[in-house]
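According to this note's numbering, the sequence shown is numbered sequentially starting from 10. Backbone N, C-alpha and C define an ideal beta-carbon position, used for all residues, glycine too. Predicted model only: the values in this text are computed from it and were never measured. To start, the structure under review is shown below, and the notes come after it.
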Amino acid sequence: MRTQVAIIGAGPSGLLLGQLLSLAGIDNMILEQKSKDYVLSRIRAGVVEQGAVKLLEEARAAERLHREGLVHDGTEIAFQGRRRRIDFKALTGKVVTVYGQTEITRDLMDAREAIGAETVYEAADVALFDLKSDRPRVSWREGGETHELQCDYVAGCDGFHGVSRRSIPESEIAAFERVYPFGWLGVLVEKPPVSHELIYVNHDRGFALCSMRSTSRSRYYLQCRLDEHIDDWPDDKFWEELVRRLDPAAASALQTGASIEKSIAPLRSFVAEPMRYGNLFLAGDAAHIVPPTGAKGLNLAASDVHYLSHALIEKYKNGSAKDLDLYAAKALARVWKAERFSWWMTQMLHRFPESSGFDQRMQAAELDYLFSSEAAQTALAENYVGLPY
Ligand SMILES: Cc1cc2nc3c(=O)[nH]c(=O)nc-3n(C[C@H](O)[C@H](O)[C@H](O)COP(=O)(O)OP(=O)(O)OC[C@H]3O[C@@H](n4cnc5c(N)ncnc54)[C@H](O)[C@@H]3O)c2cc1C
Numbered sequence: 010m011r012t013q014v015a016i017i018g019a020g021p022s023g024l025l026l027g028q029l030l031s032l033a034g035i036d037n038m039i040l041e042q043k044s045k046d047y048v049l050s051r052i053r054a055g056v057v058e059q060g061a062v063k064l065l066e067e068a069r070a071a072e073r074l075h076r077e078g079l080v081h082d083g084t085e086i087a088f089q090g091r092r093r094r095i096d097f098k099a100l101t102g103k104v105v106t107v108y109g110q111t112e113i114t115r116d117l118m119d120a121r122e123a124i125g126a127e128t129v130y131e132a133a134d135v136a137l138f139d140l141k142s143d144r145p146r147v148s149w150r151e152g153g154e155t156h157e158l159q160c161d162y163v164a165g166c167d168g169f170h171g172v173s174r175r176s177i178p179e180s181e182i183a184a185f186e187r188v189y190p191f192g193w194l195g196v197l198v199e200k201p202p203v204s205h206e207l208i209y210v211n212h213d214r215g216f217a218l219c220s221m222r223s224t225s226r227s228r229y230y231l232q233c234r235l236d237e238h239i240d241d242w243p244d245d246k247f248w249e250e251l252v253r254r255l256d257p258a259a260a261s262a263l264q265t266g267a268s269i270e271k272s273i274a275p276l277r278s279f280v281a282e283p284m285r286y287g288n289l290f291l292a293g294d295a296a297h298i299v300p301p302t303g304a305k306g307l308n309l310a311a312s313d314v315h316y317l318s319h320a321l322i323e324k325y326k327n328g329s330a331k332d333l334d335l336y337a338a339k340a341l342a343r344v345w346k347a348e349r350f351s352w353w354m355t356q357m358l359h360r361f362p363e364s365s366g367f368d369q370r371m372q373a374a375e376l377d378y379l380f381s382s383e384a385a386q387t388a389l390a391e392n393y394v395g396l397p398y
């Protein structure tokens, strides 16, 4: 078998890249280790930057997002019982759209099926070969048989635990990492959100976030210890703890119910450099992870795909590899700024077990400055709505 670009992983980055390449007439094949239903059942990101919306429009997969997505002009931050609003639209002229990653994935899968591009689900033991040659190969097992695909380029879009980054010799890649000493316990509930915008909460008992996926489906998070398990958190205990961390107005508006999904996600900052090895290009979580506090994971996957799809299209249409050579540097420049923002938001809003009285006063001063300075609010807003590509 032969294709121009072999894409590993059918998450948002792989599907979006595949769609943009197919629409530009570039042959590609996606290999995904899980089943389609499994990929669609993962509950993850929900805040989409304008740049990512534009890319989904280019991919002809934004129709339902425009119909069902919720446009948010701002967000609120609660500290010491008071809430302050950061008005994105007034400060930057830009907004974000709340639309679940699951729905984006479904729309991209439907768009891919509509144009007849190929995806192999349940591709086991994917392995990459000859990445430094101009004829890289990918093999996988499916239905008891081993298959092999020849290609010009491999796009490693297979997330943090994927095979692509691990196929790069250790001497050719450097990893930079910070693991945070807490996780996010998330609950999805079929109830209207407590507020029409997200509320980020810095509380003595730990961080909380009131988010949503639609006008009838809410997503709430609590900072929890890393050694905790979801069985330690029956629904009643979750709601009691959330109410303790909210201000009185939010607590009384909260509609609780039976959780339809509950999970604990560890928080990590991670970047692998460079995002290229020979003719293998890494994109999305395969190359970097951010703590979800800045809502940047999915959006960074989209900006990587923007740079990579343009570079591949330039190579196939005009024969120039210049943009492919610049891909890693361009993508990483944006990645590190999003890493900085996500780290800063995490630092400002969570309780760190080791933090001293000095650290807590620094955090209070940071929030006080943010609430009192339009310049500081503009800096937050500019990063939250997404830096330009
Ligand atoms: C639990 C959780 C909660 C999150 N919450 C948020 C949030 O609230 N806000 C936010 O902005 N971001 C969030 N993120 C991050 C966001 O979901 C990711 O940044 C985004 O999914 C990245 O997309 P991706 O396509 O690069 O990677 P992924 O979505 O991880 O997709 C990679 C795909 O590759 C497949 N794959 C893996 N290994 C192989 C292999 N060996 N062979 C073939 N296929 C393989 C996987 O099955 C998967 O389908 C969350 C992430 C997690 C894990």
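- Smallest Cα separation from residue 163: which of 179, 153, 169, 146? Here residue 163 is taken as the residue at index 154 of the sequence shown, counted from 1. With distances taken between Cα atoms, residue 163 lies closest to 146.
- Item | Alpha carbon of residue 192 to alpha carbon of residue 384, nearest angstrom | Mapped onto the sequence shown, residue 192 falls at position 183. Mapped onto the sequence shown, residue 384 falls at position 375. C-alpha separation (whole angstroms): 31 Å.
- Message: Is residue 53 close to ligand 1? I mean its beta-carbon at under 7 Å from any heavy atom of the ligand.
- Response: In the sequence shown, residue 53 corresponds to position 44, counting from 1. Using a cutoff of 7 Å, the CB of residue 53 counts as near ligand 1, since one of the ligand's heavy atoms is closer than that.
- Spatially closest choice to residue 105 from 81, 94, 115, 128, by CA coordinates: Locating residue 105 in the sequence shown gives position 96, where the first residue counts as 1. If you compare the alpha carbons of 81, 94, 115, 128 with that of residue 105, the shortest gap goes to 81.
- Task: Go through the stretch 112–175 residue by residue and report every complete run of the alpha helix (DSSP H) that reaches 4 residues or more, in order.
- Result: Qualifying alpha helix (DSSP H) stretches: none in this window.
- Please work out which residues of its chain come closer than 6 Å, Cβ to Cβ, to residue 94, disregarding the five sequence neighbours upstream and downstream, and give them in chain order. For this step, residue 94 is matched to residue 85 along the sequence shown. Within the same chain, Cβ atoms closer than 6 Å to the Cβ of residue 94 are found at 83, 85, the five residues on either side in sequence being excluded.
- Message: Can you find the residues in the same chain that come closer than 6 Å, C-beta to C-beta, to residue 266, ignoring five residues on each side of it along the sequence?
- Response: Here residue 266 refers to the residue found at position 257 when the sequence shown is read from its first residue. Answer for residue 266: 198, 200, listed in chain order.
- Taking only the alpha-carbon atoms, compute the straight-line gap between residue 220 and residue 262 and give it to the nearest angstrom. Taking the first residue of the sequence shown as 1, we reach residue 220 at position 211. Taking the first residue of the sequence shown as 1, we reach residue 262 at position 253. In this structure, the straight-line span from the alpha carbon of residue 220 to that of residue 262 is close to 14 Å.
- Segments of 3+ residues assigned as beta strand (DSSP E) that fall wholly inside the stretch 198–242: Complete beta strand (DSSP E) runs here, min 3: 208–211, 217–221, 227–233.
- Delimiting residues of the alpha helix (DSSP H) encompassing residue 278: Counted from its first residue, the sequence shown places residue 278 at position 269. Following the DSSP letters along the chain, one finds residue 278 in no alpha helix (DSSP H) but inside the beta strand (DSSP E) bounded by residues 268–282.
- Query: Can you tell me the Cα-Cα spacing of residue 285 and residue 272, whole angstroms?
  - Reply: For the purposes of this step, residue 285 is taken as residue 276 along the sequence shown, with counting starting at 1. For the purposes of this step, residue 272 is taken as residue 263 along the sequence shown, with counting starting at 1. Cα to Cα, residue 285 sits roughly 33 Å from residue 272.
- Query: If we count the other Cβ atoms within 10 Å of its Cβ and call it buried at 16 or more, is residue 348 buried or exposed?
  - Reply: Within the sequence shown, residue 348 is the residue found at index 339, counting from 1. Looking at its Cβ environment, which holds 16 or more other Cβ atoms inside 10 Å, residue 348 is buried.
- For the 8 Å Cβ check, are there 3 or more pairs between the stretch 381–398 and the stretch 109–119? Proximity of the stretch 381–398 to the stretch 109–119 falls short of the contact definition, fewer than three beta-carbon pairs being nearer than 8 Å.
- Message: Going by DSSP, what residue range makes up the beta strand (DSSP E) through residue 290?
- Response: Mapped onto the sequence shown, residue 290 falls at position 281. Secondary structure note for residue 290: its beta strand (DSSP E) is the uninterrupted segment 289–291.
- Quick one, are the C-beta atoms of residue 189 and residue 277 less than 8 Å apart? Taking the first residue of the sequence shown as position 1, residue 189 is located at position 180. Taking the first residue of the sequence shown as position 1, residue 277 is located at position 268. The answer is yes: Cβ separation under 8 Å.
- From residue 223 to residue 53, what distance separates their C-alpha atoms? Here the question's residue 223 lines up with position 214 in the sequence shown. Here the question's residue 53 lines up with position 44 in the sequence shown. Within the model, the alpha-carbon separation for residue 223 versus residue 53 is close to 14 Å.
- Query: Cβ atoms of residue 103 and residue 59: under 8 Å apart, would you say?
  - Reply: Against the sequence shown, residue 59 aligns to sequence position 50. Against the sequence shown, residue 103 aligns to sequence position 94. Their beta carbons are under 8 Å apart, which means residue 59 touches residue 103 by this criterion.
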